Structure formats: C-alpha cells, structure tokens
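Participant:
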Amino acid sequence: MEDEKMNHNTSPANGYSAVDSALSLSKETKWAGSPVQFEFFEHVEFPVDALPETLARMTDQVSDVTQTSVDAAGAVILSMISVAAARKFIVRLVEGEGWVEKNNLYVLIAMPSGERKSAIYSHLSKPVIEFERMIENPLFRTEHGIRVQRYITDDVTPQALIQQLSENDERMALLSTEGGLFDNLNHKHYGNQAKLDVFLRAFTGDRMVIDRKNTSKIILNDPTLTMCIFVQPSVLQALPDRYTGQGFMGRFLYVLPPSKRGHRTTEIKSIPTDLFQSYRELIHHIMKFEPAAPVELALTLEALNKLQEFREWFEIKLRDGEELSHDFLRSWSERIPGQIVRIASLLHVSEQAMFGMPFDDSFERKISEETMNKAIALGNYFIAHAKAAFGCFKSNLEIEDAKYLLEVLKRKQIQKYKRQELWSTVKGKFGTAEKFDSALIILAERGFLRADITKSLRGRNGMSIECHPDLIDRVVEVIPPHTKPKTEQEG
Numbered sequence: 036m037e038d039e040k041m042n043h044n045t046s047p048a049n050g051y052s053a054v055d056s057a058l059s060l061s062k063e064t065k066w067a068g069s070p071v072q073f074e075f076f077e078h079v080e081f082p083v084d085a086l087p088e089t090l091a092r093m094t095d096q097v098s099d100v101t102q103t104s105v106d107a108a109g110a111v112i113l114s115m116i117s118v119a120a121a122r123k124f125i126v127r128l129v130e131g132e133g134w135v136e137k138n139n140l141y142v143l144i145a146m147p148s149g150e151r152k153s154a155i156y157s158h159l160s161k162p163v164i165e166f167e168r169m170i171e172n173p174l175f176r177t178e179h180g181i182r183v184q185r186y187i188t189d190d191v192t193p194q195a196l197i198q199q200l201s202e203n204d205e206r207m208a209l210l211s212t213e214g215g216l217f218d219n220l221n222h223k224h225y226g227n228q229a230k231l232d233v234f235l236r237a238f239t240g241d242r243m244v245i246d247r248k249n250t251s252k253i254i255l256n257d258p259t260l261t262m263c264i265f266v267q268p269s270v271l272q273a274l275p276d277r278y279t280g281q282g283f284m285g286r287f288l289y290v291l292p293p294s295k296r297g298h299r300t301t302e303i304k305s306i307p308t309d310l311f312q313s314y315r316e317l318i319h320h321i322m323k324f325e326p327a328a329p330v331e332l333a334l335t336l337e338a339l340n341k342l343q344e345f346r347e348w349f350e351i352k353l354r355d356g357e358e359l360s361h362d363f364l365r366s367w368s369e370r371i372p373g374q375i376v377r378i379a380s381l382l383h384v385s386e387q388a389m390f391g392m393p394f395d396d397s398f399e400r401k402i403s404e405e406t407m408n409k410a411i412a413l414g415n416y417f418i419a420h421a422k423a424a425f426g427c428f429k430s431n432l433e434i435e436d437a438k439y440l441l442e443v444l445k446r447k448q449i450q451k452y453k454r455q456e457l458w459s460t461v462k463g464k465f466g467t468a469e470k471f472d473s474a475l476i477i478l479a480e481r482g483f484l485r486a487d488i489t490k491s492l493r494g495r496n497g498m499s500i501e502c503h504p505d506l507i508d509r510v511v512e513v514i515p516p517h518t519k520p521k522t523e524q525e526g
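Using my numbering, read the sequence shown as starting at 36 and increasing by one per residue.
1. Which residue wins for smallest C-alpha separation from methionine 243, given the options Asn256, Leu235, Asn249, Asn139?
2. Please report the straight-line C-alpha distance between aspartate 433 and lysine 462, rounded to a whole angstrom.
3. Are the CB atoms of threonine 259 and glycine 240 within a distance shorter than 8 angstroms?
4. If we count Cβ pairs, one from each stretch, closer than 8 angstroms, do we get three or more for the segment 161–171 versus the segment 287–303?
5. Taking contact to mean at least 3 C-beta pairs separated by less than 8 angstroms, is the segment 383–397 in contact with the segment 84–93?
6. With 16 other CB atoms within 10 Å as the buried threshold, where does phenylalanine 471 fall?
7. According to DSSP, what are the bridge partners of isoleucine 245?
8. Go ahead and label serine 459 buried or exposed: buried means 16 or more other beta carbons lie within 10 angstroms of its beta carbon, across all protein chains shown.
9. Which runs of the alpha helix (DSSP H) spanning at least 4 residues fall entirely within the segment 196–221, listed in chain order?
10. Three Cβ pairs or more, each shorter than 8 angstroms: is that satisfied between the segment 325–332 and the segment 101–115?
11. Quick check: what's the CA-CA separation for phenylalanine 541 versus alanine 119?
12. Note the first and the last residue of the continuous beta strand (DSSP E) segment covering methionine 262.
13. Provide the residue span of the alpha helix (DSSP H) that contains arginine 315, from first to last.
14. Would you call the CB atoms of valine 71 and glutamate 442 closer than 8 angstroms?
15. Residues in the same chain with beta-carbon distance under 6 angstroms from leucine 506, minus the five sequence neighbours each way, listed in chain order, please.
16. Would you list, in sequence order, the uninterrupted alpha helix (DSSP H) runs of no fewer than 4 residues that lie entirely inside the segment 90–122?
17. Output the distance between the C-alpha atoms of serine 201 and valine 163, rounded to the nearest integer angstrom.
18. From what residue to what residue does the alpha helix (DSSP H) around tyrosine 416 run?
19. Would the beta-carbon of arginine 315 fall within 8 angstroms of that of arginine 370?
20. Helix, strand or coil: which one does DSSP assign to leucine 506?
21. To which residues does DSSP link glutamate 136 through a beta bridge?
22. On a Cα-Cα basis, can you pick out the residue from Gln184, Thr212, Gly215 that is closest to aspartate 204?
23. Among Phe73, Leu128, Leu231, Gln96, whose alpha-carbon lies nearest the alpha-carbon of isoleucine 303?
24. Taking the alpha helix (DSSP H) that isoleucine 477 falls in, what are its first and last residues?
25. In three-state terms, what does DSSP make of valine 183?
26. Would you check if the distance between the CB atom of methionine 389 and the CB atom of lysine 341 is smaller than 8 angstroms?
27. Please report the distance separating the alpha-carbon of isoleucine 197 from that of serine 114.
28. When DSSP builds the beta bridges, which residues end up paired with asparagine 451?
29. Given phenylalanine 175, which residues of its chain have a CB within under 8 angstroms of its CB, disregarding the five upstream and five downstream residues?
30. Using the C-alpha atoms, what's the distance from glutamate 350 back to methionine 284?
31. Leaving out five residues before and five after leucine 140 in sequence, what residues of the same chain have Cβ atoms less than 7 angstroms from its Cβ?
32. Could you say which of Leu475, Tyr416, Ile144, Gly297 lies nearest to aspartate 436 if we only look at CA atoms?
33. Under DSSP, the alpha helix (DSSP H) around isoleucine 378 begins and ends at which residues?
34. With 16 other CB atoms within 10 Å as the buried threshold, where does valine 129 fall?
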C-alpha cells in the first residue's frame with residue numbers, strides 16, 4: 036500500500052485542505068498506541084556479523100581505515116553485492132504464481148559534509164568500477180557472455196536513465212556520493228509523476244512502454260535499478276512532499292551513521308592486500324555470472340517459518356496508533372518484509388561466491404534459516420534507521436516549532452481545545468497562522484493530537500483539537516526560544 040503523504044502547503048488558498056488532510060486522518064485513528072516521539076532514536080549499529088566473513092572483515096577494515104562508523108561501509112557493501120547480482124537471481128517464496136522478490140536495493144546514507152563518505156565509496160566500489168573497465172574489451176565480454184556495456188551511472192536525468200536501461204540488459208546502478216539525483220528531480224521538468232515512474236518501476240521490475248514524440252518506442256520488460264546514494268541530512272529536509280507521497284522514498288533503506296569527528300585516531304592505515312583481493316574476487320565472481328534467465332532461489336521450510344514469525348510480529352507494529360502507522364513510515368514499512376527477502380538473497384549469493392562456488396547445477400538454491408536470521412537482523416537495523424530518517428523529512432525550524440507547541444500542550448494539561456483558544460496562547464511565538472498550522476500537522480502526523488473538522492475555511496478557528504492521553508499529567512516548563520528572561524522591573 037502506498038498511502039499519499041499529507042500536503043503541507045498551508046498557504047491561504049490551501050491552508051484548510053492541508054490541515055484537513057493531516058488532522059482528519061488523525062481523527063479517524065483510535066488512541067491505540069503512543070505517539071512517535073521526536074527524540075526516540077538511539078543509534079543502532081550495523082550488525083556486521085550478519086555479513087559473510089569476507090564482507091564483514093572488509094566492513095570493519097574500511098571503517099577502521101576511514102575512521103568512520105561501520106554503518107556506511109556495511110550499507111555500501113550490501114549495495115555492491117546488489118549491483119553485481121541484479122537481475123541474476125530472484126526468490127520465489129511459494130510454488131506457482133505468488134510472491135516473487137527481486138534482489139536490487141535502494142540505499143540512502145545521510146552523512147554531513149566532511150565525514151569521509153568519498154573514501155568509503157572509493158574503497159568499496161573499486162571492484163565494480165574495475166570490472167566495468169574490463170568489459171570495455173569485446174573479447175572479455177564474449178568470453179564471459181556479458182550482455183551489458185556498463186553498470187554505473189551518477190548524474191542522470193530520468194529520460195537518460197530509461198535509455199541506459201534499454202541499452203544495458205535493463206539493469207543499471209545509480210551510485211553517488213553527492214545526492215545529485217535529488218537536484219535533478221527537483222528540476223521543474225523532471226520532478227513530476229511521469230518522471231518518477233522509472234525509479235518507481237525499476238525497483239519492482241514493472242514493465243514500461245515509453246512512447247515519445249520524435250523518438251522510437253522503448254519497451255522495458257523487467258527494468259532493474261540499484262541505488263546507493265550519499266546525501267547530507269539537509270537534502271532530506273528539503274524534499275518535496277510528492278517524493279514521499281508517491282512511494283519513491285518508501286523504497287529506500289536508510290542509514291544515518293553517527294559521526295566520529297573529534298574521536299578519530301590519526302594513524303594512517305591501509306586495507307590488507309589479501310583481504311581486498313578476496314573482496315574483489317567475490318564481487319567479480321558474481322559479475323561474471325550471466326544467466327540466460329534469473330536463477331530462482333527458494334527458502335528452506337525453517338527459513339520460511341522464521342520469515343513468517345517476523346511478519347506476524349511486524350504486522351502488529353503497523354496497527355493504527357503504533358509508531359510505524361504514521362505518515363512516511365506507513366508507506367515505507369509495507370515493504371520491509373520484501374526488503375528482508377532481498378537482503379537474504381544477497382547474503383546467500385555472496386556466501387556461495389566467497390568460496391568460489393560455480394553458479395551451476397551444484398549451486399545451493401535454498402536460503403537457510405541461518406541466513407534468514409541474519410537478514411532479519413539487518414531488517415531490524417533498517418527499521419530503526421527509518422524511524423530516524425522520518426524525523427529528517429521536516430526542516431529544523433518546523434520541527435522546533437512543533438516541539439515548542441508540544442511543550443505548551445504538556446504544560447497546560449488540557450485535553451481539548453478550540454483552535455482559536457490554542458492559537459491565542461501561542462500566536463506571539465508563531466507570528467503567522469501558517470506556521471501554527473504546520474506545527475499542528477506535524478503533531479497530528481506523529482499521533483500527539485487529533486481534530487474534529489466540522490467548520491468551513493472561514494470557520495477554521497472553531498476546530499476542536501484533542502490531545503493524546505499521554506500528554507496529560509506530564510507537566511513541563513516551556514520557555515519560548517529566542518526570548519530573554521524578564522527582569523524584576525519588567526515583571
């Protein structure tokens with residue numbers, strides 16, 4: 036399910052519809068759980084031991100050499116396996132027509148400037164870039180049956196990506212350390228629904244038929260895109276609503292690594308040659324494999340049972356009022372069981388490749404319970420980081436305004452308000468009704484309040500606002516930001 040994200044445009048022409056869309060949804064929600072807190076994220080470290088040995092050692096080494104957390108290195112390594120294995124394997128969970136999962140990933144790593152993301156990417160993408168250069172030799176391509184001309188793109192428009200997919204066996208990897216994709220999509224000619232289609236469909240492999248004036252028809256039967264993009268957190272804050280509303284951002288696995296600045300060692304280190312060679316051989320072994328059709332993987336009965344246990348536990352987290360039922364997380368969380376299956380397939384393939392096992396009839400096609408447990412551990416990691424990313428989809432100023440309004444509600448300890456009564460209390464802080472409404476919307480999306488929309492645009496001040504019961508009996512002193520304490524004379 037891809038629920039549309041609320042439109043947060045609160046201009047006079049659209050103000051009531053924005054409040055209506057956010058708060059009326061909240062009204063329909065029973066108080067079935069606690070609100071999503073602003074400071075609920077405690078960093079969960081990437082579970083390195085979930086990776087096959089060579090990849091785990093490489094993750095630790097790159098983290099040590101670059102003096103960065105293991106989070107970014109681990110996420111990039113998963114992405115590189117996805118680049119190498121894309122469209123070569125699928126997972127069929129039940130026989131016949133049913134749930135089939137691909138293995139390409141969309142990964143987004145949010146790191147501030149100066150956090151050595153280019154060094155991380157350079158170390159771990161090197162085998163893929165080397166292989167891309169190797170296939171420039173026609174004899175090499177012929178010897179290994181390679182059907183593509185290239186693997187990687189970076190600064191690309193949606194139209195150019197469609198063309199690249201059509202010329203490269205319908206697979207491509209968008210790898211970037213600067214997040215230029217979002218600059219391109221923010222362009223007025225590229226950011227609409229039609230231009231997002233290729234990114235939406237290339238995740239799931241949905242068929243595309245492109246008919247354009249003055250160009251030949253392009254048919255993509257199974258477009259497959261892998262993405263690994265580094266962005267600064269401010270990029271997430273500036274994203275237009277349409278990206279979350281159409282499910283685009285709901286396709287990404289999010290990583291928010293902690294900074295080690297100020298705590299890094301200054302010793303100059305290097306990755307052991309034998310380890311890097313093992314990593315290179317693993318990546319190249321998968322890249323050389325070119326099946327005529329994707330190899331079908333399956334789950335052992337034990338692995339399937341583990342996945343089902345996770346899904347049953349996770350389904351409860353999706354109920355109205357639970358953390359994952361709110362706003363952006365609602366769309367994102369629907370995909371996490373499938374993401375776990377994708378990760379399990381990548382772990383399985385890389386485990387086989389680590390020992391140089393040929394991908395022939397002797398290749399083990401069933402994913403084990405142990406591998407599924409590791410994939411679930413990684414899934415839980417990505418759930419924690421998606422919650423943190425949810426807090427980034429608003430500007431700092433909007434978030435701070437919402438926090439201030441929340442503290443006012445906690446201090447006043449009143450269950451229900453008329454909008455005008457609450458506005459009168461805080462208008463000195465907010466200044467404009469639009470800022471006030473934006474704060475109301477954020478609190479409603481997080482489940483802190485709900486409203487009875489019974490008035491027309493002109494009668495919006497009569498709106499009834501109800502606070503979540505958790506806010507009652509939580510008295511907190513509120514000091515408006517940027518205000519000076521009163522002197523005794525002023526008091």
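Yeah, the Cβ is synthetic: ideal placement off N, Cα and C, and Gly gets one too. Note that the structure is predicted; figures quoted are calculated from it, not measured.
Facilitator: Taking the structure as given:
1. Asn256
2. Checking the sequence shown, residue 433 turns out to be glutamate, not aspartate. Between glutamate 433 and lysine 462, the C-alpha separation is close to 15 angstroms.
3. yes
4. At 8 angstroms Cβ cutoff, the stretches do not touch.
5. yes
6. Phenylalanine 471 counts as buried, since at least 16 other C-beta atoms from the protein chains shown sit within 10 angstroms of its C-beta.
7. Ile253
8. exposed
9. Segments of the alpha helix (DSSP H) lying fully in the segment 196–221: 215–220.
10. Counting C-beta pairs closer than 8 angstroms gives fewer than three between the segment 325–332 and the segment 101–115, which falls short of the contact rule.
11. Examination of residue 541 is not possible in this model, given that the chain is present from 36 through 526 alone.
12. For methionine 262, the enclosing beta strand (DSSP E) stretches over residues 259–266.
13. 308–323
14. no
15. Leu444, Lys445
16. 105–120
17. 20 angstroms
18. 404–425
19. Against a cut-off of 8 angstroms, the Cβ pair of arginine 370 and arginine 315 comes out as no contact.
20. helix
21. Answer is Val126.
22. Gln184
23. Gln96
24. Element bounds for isoleucine 477: 468–480.
25. coil
26. no
27. 21 angstroms
28. Asparagine is not the amino acid found at residue 451; the sequence shown has lysine there. Note: lysine 451 sits in a beta bridge opposite Glu501.
29. Met169, Ile181
30. So the two alpha carbons sit approximately 21 angstroms from each other.
31. Leu113, Ser114, Ser117, Thr261, Leu288, Arg377
32. Leu475
33. 371–389
34. exposed
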